[in-house]
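Student: Chains as they are written, first to last, in our numbering: chain A, 80 to 452; chain B, 80 to 452.
Glycine is no exception: its CB is placed at the ideal position from the N, C-alpha and C atoms.
First, the structure itself, so that you have it in front of you.
There are 2 protein chains.
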Amino acid sequence: MNTRRDFLQKLAASAIAFPSITSFAAATVPVVGCNTPYDGPVLRVAIMGLGSYGTRVAEAMQSCKKAKLVGAISGTPAKLKNWQAKYNIPEKNCYNYENFDAVRNNPDIDAVYVITPNALHHDQVIRVAKAGKHAICEKPMAVNAKEGQEMVDACKQAGVKLLVGYRMHFEPHTLEVIRMRKAGQFGTIRFFQGLTGFTIGDPTQWRLNKQLSGGGSLMDIGIYSINGSRYMVGEDPVWVTAQETKTDKVKFKEGVDETIQFQLGFPSGAVASCLSTYNMNNLDKFFLDGTGGWAEMWPSTGYGPIKGRTHLGELNQPIVTHQTLQMDEMSGILLAGEQPVVPVDGAEAVKDLKVIDGIYASVASGKRVDLQL
Amino acid sequence: MNTRRDFLQKLAASAIAFPSITSFAAATVPVVGCNTPYDGPVLRVAIMGLGSYGTRVAEAMQSCKKAKLVGAISGTPAKLKNWQAKYNIPEKNCYNYENFDAVRNNPDIDAVYVITPNALHHDQVIRVAKAGKHAICEKPMAVNAKEGQEMVDACKQAGVKLLVGYRMHFEPHTLEVIRMRKAGQFGTIRFFQGLTGFTIGDPTQWRLNKQLSGGGSLMDIGIYSINGSRYMVGEDPVWVTAQETKTDKVKFKEGVDETIQFQLGFPSGAVASCLSTYNMNNLDKFFLDGTGGWAEMWPSTGYGPIKGRTHLGELNQPIVTHQTLQMDEMSGILLAGEQPVVPVDGAEAVKDLKVIDGIYASVASGKRVDLQL
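Listed below in structure tokens is the structure:
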């Protein structure tokens, strides 16, 4: 029988590859205002999934003011030992995938950040919710909208918050473009283009295993263009068309998409043209076009410094470590117990999953799919 | 009965609107090497259609070495008078749309450049061919591949050459990107993006009249992305999918497309994502992406200076007046009587028309259309 542990052992055996292009390189610059004294409340966070991205978040959290890494959940005892030493995590705050429901009885943990393979998020987040802890879930929140909605419902029922790791909603260049759009500086928005992708490495990694990933590039990197189209255009799409191209059927097996082009239509008549791929380099480009101006971001969603320009010139916003800023801001949201003012909650993530469902349906049918977000 | 003259009177009554964006502004810089002495053969050209673009070509030809403007064909006597004075054209080299077949007996004209509304090209080029003169035809060569092929066949039968006004095939920045691609400097090509469009003005102009235009933005401006995808990728597409969006059904009547997104697939597995529109600003962008690098051109096809950069830096090629260079180069081709080394002949234009046919068919059916170029 295939168990979660089997999955995670495979995961541990393979590197979690991440884009090697410059835009996805680690940003080592400090978060804005990190030297400002802070003596307010702090959210105590456990990270579930100690892989490459989990480690990136742990490192970034060392600079947080409102968030503190206090716990870890992993199927690999050696990783837990390592994290205990590295991040000064007490052994009592460490769990594995069998016993982490016991976090319910741990008053020293307020929230769990789930950073495991996509297909595991659904069950894990629901278990976190049932344990009475807030959940932060890495994107994609789930592998389809139905599972996503179940997660939202479970968190609501348990009286905990569910946020999704949409770090771009805290990134200053991105926020500046959104501010300009809302202020009408681009006029009426007519077009958005989102090109997101990279050449994926190790063919044995979980991202290329449908059971763990739930899909291919679209789940992992195409979702940036989906979410991006919504925050750049400022509307939710009402239709989608999509086309898949596969050049390597060995590396990209049935159900694991290599390259998908998709088009979105918005209520205003604006359209988006997007590309998601695991087989191209240099792609991390957003372009927003309105009757009064335009914005271009390249890189637009990578971890490193975001760069952008508009018809008015270069965007010169502070360079931040995305994950530090995200965890500080999300901690503020969870500590305040309020609805986030930026769209990073589970309900927003379900919208992106509805688009993903629509894209896969359009690829399968060859037809336009209407969306109701 | 609607006659060609009716059409042309309507045409004369309405401005031939051209993009007002910077990239389409007139370039006043001189053509490269125009000061080099030249005493070789000269092609004597008549222009048919004395509208806005015909006038632009006439002006540009004043700086040509191998081409000389010697004749004019128009349905408007006042325009012919004006051109006679302005360009020193003898009255005996002037014709109207009824009598221009008589150019057959005029030994002072070698070729006719047809710059009339799209739907008229077919009959006019065939008449030029039957009069024994070389034809240069403005793009789109015809309104569908069938008519285009008939033009190619008629010219072949008459023993004359047929070239199409694809000026980008002579433009230095474009040629440099093609050279780099052929030299392998971008590695294996995986993706091309072509965004071409502008906000069209006067709703009464012929470009928005299906009988004269044969379609909408795709015929006029989207064809740049079609032809561009072929010369940038270096392959001919084998499938196309397309989606139309219309926000203004009054301005853009039945059969006149406002915005079309289309996607192309190539034999290598490379894909293209393109947009053609009469309802957006700031669009004249090409992006070519390979495993080893990339090229971006913006503006990519406008009349003004083309600008571009690659992963290796800015493209710094000579700035030219496209139409001067085109007419000099095409005259060289016609005077030599050889197959052009750049793909600007009628057979190449038929390929683009096959893609246009495919795009309209895909819009109509909602399905992917296979192409055989």
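For B/Thr326 and B/Pro219, I'd like the C-alpha separation in whole angstroms.
Tutor: 25 Å
Student: Can you grab the Cα-Cα spacing for the pair B/Gly445 / B/Trp318, in whole Å?
Tutor: Cα-Cα distance, rounded: 13 Å.
Student: Of all Cβ atoms in chain B, is any one closer than 8 Å to the Cβ of A/Asp449?
Tutor: no
Student: Quick test of the definition: if touching needs 3 or more C-beta pairs under 8 Å, does the segment 247-259 of chain B touch the segment 226-235 of chain B?
Tutor: Short answer: they don't touch.
Student: Roughly how many angstroms separate the alpha carbons of A/Tyr174 and A/Ile300, rounded to a whole number?
Tutor: 29 Å
Student: Give the single residue among A/Met359, A/Val204, A/Pro156 whose Cα lies nearest to the Cα of B/Phe265.
Tutor: A/Met359
Student: So B/Met127 is in the beta strand (DSSP E); what residue range does that whole segment cover?
Tutor: 122-127
Student: Helix, strand or coil for B/Ser213? Go by DSSP, reduced to three states.
Tutor: It should be pointed out that residue 213 of chain B corresponds to His in this sequence rather than to Ser. Three-state result, B/His213: strand.
Student: Return the bridge partner residues of B/Met376 from the DSSP annotation.
Tutor: B/Phe365, B/Gly387
Student: Would you list the one or two residues that DSSP bridges to A/Ser352?
Tutor: DSSP lists A/Gln272, A/Gln342 as partners of A/Ser352.
Student: Decide yes or no for the touch test of the segment 149-168 of chain A against the segment 258-278 of chain A: beta carbon pairs closer than 8 Å, at least 3 of them.
Tutor: no
Student: Out of A/Gln141, A/Val222, A/Tyr176, state which residue places its alpha-carbon closest to the alpha-carbon of A/Leu291.
Tutor: Ranking the options by Cα distance to A/Leu291, first place goes to A/Val222.
Student: Taking only the alpha-carbon atoms, compute the straight-line gap between A/Ala106 and A/Thr400 and give it to the nearest angstrom.
Tutor: With a pLDDT of 38 at A/Ala106, under the threshold of 50, the modelled position of this residue cannot be trusted; read the value that follows with caution. Roughly 6 Å separates the two Cα atoms.
Student: Check whether the Cβ of B/Phe103 lies closer than 8 Å to any Cβ atom in chain A.
Tutor: In this prediction, B/Phe103 scores a pLDDT of 37, lower than 50, which makes its location untrustworthy; no coordinate-derived value is stated.
Student: With DSSP run on the structure shown, which of helix, strand or coil describes A/Ile435?
Tutor: helix
Student: Which stretch, first to last residue, makes up the alpha helix (DSSP H) that contains A/Trp318?
Tutor: A/Trp318 -> not in any alpha helix (DSSP H); beta strand (DSSP E) instead, spanning 318-324.
Student: So what does DSSP say about A/Val335, is it helix, strand or coil?
Tutor: coil
Student: Less than 8 Å between the C-beta atoms of B/Tyr132 and B/Gly154, yes or no?
Tutor: no
Student: Roughly how many angstroms lie between the CA atoms of B/Ala443 and B/Arg269, to the nearest whole one?
Tutor: 28 Å
Student: Does any C-beta atom of chain B lie closer than 8 Å to the C-beta of A/Asn197?
Tutor: By this cut-off, A/Asn197 is not an interface position.
Student: Does A/Gly238 pass the burial test, meaning 16 or more other C-beta atoms within 10 Å, or should it be called exposed?
Tutor: exposed
Student: What is the DSSP secondary structure of B/Glu138, counted as helix, strand or coil?
Tutor: helix
Student: If you draw a straight line from the C-alpha of B/Lys433 to the C-alpha of A/Tyr357, how long is it?
Tutor: In this model, B/Lys433 and A/Tyr357 are separated by some 31 Å (Cα to Cα).
Student: What does A/Lys328 pair with, by DSSP beta-bridge criteria?
Tutor: Answer is none; A/Lys328 lacks a bridge partner.
Student: Select from the segment 239-261 of chain A all residues with a C-beta closer than 9 Å to any C-beta belonging to chain B, and list them in chain order.
Tutor: none
Student: Roughly how many angstroms separate the alpha carbons of B/Asp189 and B/Pro196, rounded to a whole number?
Tutor: 22 Å
Student: When DSSP labels each residue in this structure, what does B/Arg447 get in the three-state scheme?
Tutor: coil
Student: Residues of chain A with CB closer than 7 Å to the CB of B/Pro359, please, in chain order.
Tutor: Looking at the sequence itself, residue 359 of chain B is Met, so the reference to Pro does not match. By Cβ distance, chain A contributes Arg269, Phe270, Asp368.
Student: Extract the residue ranges of the alpha helix (DSSP H) inside the segment 208-253 of chain B, only unbroken runs of 4 or more that lie entirely within it.
Tutor: 224-237
Student: My output table needs one value for A/Leu148: the three-state DSSP class, helix, strand or coil.
Tutor: strand
Student: So, does the CB of B/Thr134 fall closer than 8 Å to a CB anywhere in chain A?
Tutor: no
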